[in-house]
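For the sequence shown, the tail end lands on 135 under the numbering used here, and the numbers increase by one without skipping.
To start, the structure under review is shown below, and the notes come after it.
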Amino acid sequence: MLTTVYDLRISALSDELKSDILRHIWQCDGLAAAGKPAEFRAWLQKVRTNGLGHRYKLNKGKSYELSRNPEDLKTFKNVVDAGMLTIAEGTRYLGGPLGGTKFCKKFMDERMAELNTKIRKLTRLAQASPH
């Protein structure tokens, strides 16, 4: 029941934030948006102000600003300095990598190494306990 009430509040906030300029999605309590820096900054301010009425707030250390152009990051300097946004080369979102090519490659390399380790363990188990 509590989750349903939360989802209803988030749905209302999502409707308030709809924009023809930006694209945004909700996944459980996670929010992602993409667009040009100026529009994103205005949208982010709306999240901060309108979100309070829906008991939604940005979590420090869990909100990221990703950009291919380092100049775009200057637009968010005061929000970053306040600790509301973290500048990162990339992050995981819904289990997958989100960010630049370098970050995504590193993420996939690490993920493949982890899978290879698991496959080797399964191979050893199959050799030790054949059917």
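Virtual Cβ for every residue (Gly too), placed ideally from N, Cα, C.
Computed from a predicted model, the values in this text were never measured in an experiment.
For residue i, which residues from the same chain have a beta carbon less than 8 Å from its beta carbon, with the 5 sequence-adjacent residues on both sides left out?
i           : result
residue 130 : none
residue 3   : Residue 3 lies beyond the range of the chain shown here (5 to 135); nothing can be said about it.
With residue i as the anchor, note down where its beta strand (DSSP E) starts and where it stops.
i          : result
residue 96 : 94-97
Once you ignore the five residues that flank residue i on each side, which residues in its own chain have a CB closer than 6 Å to its CB?
i          : result
residue 69 : 80, 89, 91
Helix, strand or coil for residue i? Go by DSSP, reduced to three states.
i           : result
residue 101 : strand
residue 5   : Residue placement at residue 5 is flagged as unreliable, the pLDDT there being 41, under the threshold of 50; a coordinate-derived value is accordingly withheld.
Please tell me whether residue i and residue j are closer than 8 Å, where the distance is taken between their beta carbons.
i           : j           : result
residue 19  : residue 41  : no
residue 21  : residue 54  : yes
residue 181 : residue 118 : Since the displayed the chain opens at 5 and closes at 135, residue 181 lies outside it and no answer follows.
Does the beta carbon of residue i fall short of 7 Å from some heavy atom of the ligand ATP?
i          : result
residue 47 : Ligands are entirely absent from the displayed structure, and the ligand ATP is therefore not among its contents.
How many Å lie between residue i and residue j at the Cα?
i          : j           : result
residue 37 : residue 108 : 19 Å
residue 52 : residue 58  : 10 Å
Tell me which residue opens and which closes the alpha helix (DSSP H) that residue i is part of.
i          : result
residue 42 : 41-57
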